[in-house]
Amino acid sequence: MFDQSPSPRLPDAAGVGYKPQHFSAILSDPAPVRWFEIHAENYMGQGGRPIAQLRALADRFPVSVHGVGLSIGGEAPLDQDHLSRLATLLARVPVASFSEHLAWSTHGGSYFNDLLPLPYTARTLARVCDHIDQVQTRLGRRMLLENPSSYLAFAESEMSEPEFLTEVTRRTGCGLLLDVNNVFVSAVNLHTDPRSYIDAIPAAAVGEIHLGGHDEDQDEVGQPLLIDSHGKPVAEPVWALLDHLLSRTGPRPLLIEWDNDVPDWPVLAAEAARAQTVLERVAA
Amino acid sequence: MTGVTQSDFRDALLSASVPVPDGMTQPDGSPASRRFNVYRNNVAVGLTEALESAFPVIRKLVGDDFFKAMAGIYLRNHPPSSAVMAGYGDRLPSFLKGFEPVRHLPYLPDMARLELAMRDSYHAGDADPIAPEALAALSPDRFVRARLRLAPSVRLLSSRFPVHGIWVHNTDPARPPVAKGAEDVLITRPHFDPRPRLLTRPAARFVAAIQRGASISGAMAEGGDELDMGALLALLLTDRAIVDIY
């Protein structure tokens, strides 16, 4: 019901998170990268270099817009000004996909610039679904919702994260952006099984996959504590988990996220090449 | 059970002295205090980095460690009010005015205003400049009655401190340290990168009048006898700062 847009679709191929320092390298030789994702909030100015680069990218590649600031899990009503800024951005260039997070980041008029966790209860489920309904109606398109990385659990939670996400997709019609690194990070941190998580999500709803690097730390009792840092290559167990996911979903748009200590283009392109090889093996 | 409210979570997020709310656990069921610190750290680091990238000259003037400590106080008192981080830090000038440890650096608030204006300019809307010969093509009579529309990226800032000189010296150490005294700065954006240009006082008065919608003759009267019109118009044209004659 939201598919009236003539925009391009994301290909079932490797993409990367766009960084302005890679602009010239991408225009001269983007291979093997076939599409790009931008963080919506970095392109909400009126003009200048960010908007010019976005137009140049969107002229050449399918572009995915990934929001980090909508606070879909917030107790407060959705920020209508922010929703309008998103609508403006999505009208500015052809956009193949819009995604946001299962998290909150705004409360009492303050924005915390981080993806904060939610308990999985009937009450938060109703709230998240109501917010997603509003987003899809306002933007006139189906959105994808990304699973968070978790560092702690809520005693009040009544269901697992896959159960929560499954119910959200069923009630709102939204798709999932499955971040495999987040699945792995959460599983290690909360002592759950990442493969069971993958087995429990509705495979047909997965419209995009994220891969990124994490840091390793410890909690106060010496248990491993993984931090979703997006600052290094994708870890080997995460690649293995990707294989398991792709065996369920088949090829999907697959994005490498590298947001901190961003490497030169050839390093990022090599990581994307590995992702592309995995996809081609699955497609064969 | 009532559970953890986002108000409780927020209070502990912004203050390490507020205990972590009950109801959040690690895998063995014990309270997740250190794990909660991941969120505290993410928020503090993320907002501090946003301030560092917005105020590189302030950071250089006060030093990295001092800036980080100051950012920690600022972000707790003034968390962002919007998810658009390109707007974060707009209250730093007034914060610096009242911040006791920098009382001996009275020019810092104006430097913060200059850095905010540079960032505003960077994100401002686009507009095509007039052709350089368009002004010369006006008849003398039409010229004095004409009004000029400046590009959306143009900013004018006046300070009783030599903020332009301090900015230049701290972004290019090869350029000499500054004279004392008030300075007027015009920010232009010829292509994508804003440039701070030092203006004479008469030139700043002229530009301010033009921004208010005065005619060229009206703005010239504001500029006074010492205004070097030729030099100012050449600067505005070279920097693609005039977008319409009306």
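Each protein sequence line maps, in turn, to chains A and B.
If you count by this note's numbering, then the first sequence holds residues -17 to 266, one letter each, in order.
If you count by this note's numbering, then the second sequence holds residues -15 to 230, one letter each, in order.
Positions of the beta carbon are idealized from the N, C-alpha and C atoms, including for glycine.
Treat the numbers as computed from the prediction; the structure is a model and nothing was measured.
The alpha-carbon of V2 (chain B) is positioned some 17 Å away from that of L98 (chain A). The bridge partners DSSP lists for L183 (chain B) are B:D168.
With contacts defined as CB atoms closer than 9 Å, E167 (chain B) and F190 (chain B) fail to qualify as a contacting pair. The Cβ atoms of G7 (chain B) and E138 (chain A) sit closer than 9 Å to each other. Distance check between H192 (chain A) and each of A:D225, A:L172, A:Q200 places A:D225 closest, using alpha-carbon atoms only. The beta-bridge partner set that DSSP reports for V45 (chain A) consists of A:F18. Between the alpha carbons of A266 (chain A) and L221 (chain B) lies a distance of about 59 Å. A direct Cα-to-Cα measurement between P44 (chain A) and T70 (chain A) gives close to 18 Å. Look at the stretch 50 to 70 of chain B: the residues with a C-beta under 7 Å from a C-beta of chain A are P63, P64, S65, S66, A67, V68, M69, A70. With a beta-carbon spacing of about 14 Å, E218 (chain A) and L208 (chain A) fall beyond the 8 Å limit used to define contacts.
In the three-state reduction of the DSSP assignment, L132 (chain B) falls in the strand class, which pools E and B. The criterion of a C-beta distance shorter than 9 Å is not satisfied by V110 (chain A) and S79 (chain A). When only Cα atoms are considered, R105 (chain A) and L134 (chain B) end up about 52 Å apart. Between I226 (chain B) and L140 (chain B), the CB-CB gap reaches or exceeds 9 Å. DSSP places T88 (chain A) within a strand segment (E or B) once states are collapsed to three.
Secondary structure at V220 (chain A): helix, using DSSP grouped into helix, strand and coil. At the C-beta level, I183 (chain A) and L147 (chain A) come within 9 Å of one another. Residue A:L100 holds the alpha-carbon nearest to the alpha-carbon of F136 (chain A) among A:L100, A:H212, A:P206. W240 (chain A) does not reach chain B, its nearest Cβ partner there being about 16 Å away, counting only Cβ pairs nearer than 9 Å. Taken through DSSP and simplified to helix, strand or coil, H148 (chain B) comes out as helix. Contact check between the stretch 195 to 205 of chain B and the stretch 167 to 184 of chain B: fewer than three CB pairs, one atom from each, fall below 8 Å, which does not count as touching. With contacts defined as CB atoms closer than 9 Å, L100 (chain B) and L92 (chain B) fail to qualify as a contacting pair. In the three-state scheme derived from DSSP, where H, G and I count as helix and E and B as strand, M26 (chain A) is classed as coil. With a beta-carbon spacing of about 7 Å, Q28 (chain A) and P136 (chain B) fall inside the 8 Å limit used to define contacts. Interface residue (Cβ-Cβ distance to chain B less than 9 Å): R263 (chain A) is not classified as such. Contact residues of the stretch 60 to 93 of chain A toward chain B are D61, D63, H64, R67, W86, S87, T88, H89, G90, G91, S92, Y93 (C-beta to C-beta distance below 9 Å).
In the DSSP annotation of this structure, the continuous segment of the beta strand (DSSP E) that includes F80 (chain A) starts and ends at 79 to 83. Straight-line spacing of the CA atoms in V50 (chain A) and L127 (chain A) works out to 11 Å.
A distance below 7 Å between beta-carbons, with the five flanking residues on each side excluded, links Q35 (chain A) to the following residues of its chain, in chain order: P2, F5.
With contacts defined as CB atoms closer than 9 Å, L31 (chain B) and N95 (chain A) qualify as a contacting pair. Look at R126 (chain B) here: in three-state DSSP terms it is helix. Taking a beta-carbon distance threshold of 9 Å, D112 (chain B) does not count as an interface residue toward chain A.
Taking 8 Å as the Cβ-Cβ cut-off, the stretch 125 to 136 of chain A approaches chain B at Y133, L134, A135, F136, given in chain order. Per DSSP, V(-2) (chain A) is one residue of the beta strand (DSSP E) stretching across -4 to -1. DSSP places G30 (chain B) inside the alpha helix (DSSP H), whose first and last residues are 17 to 38. E210 (chain B) places its beta carbon less than 9 Å from that of T184 (chain B).
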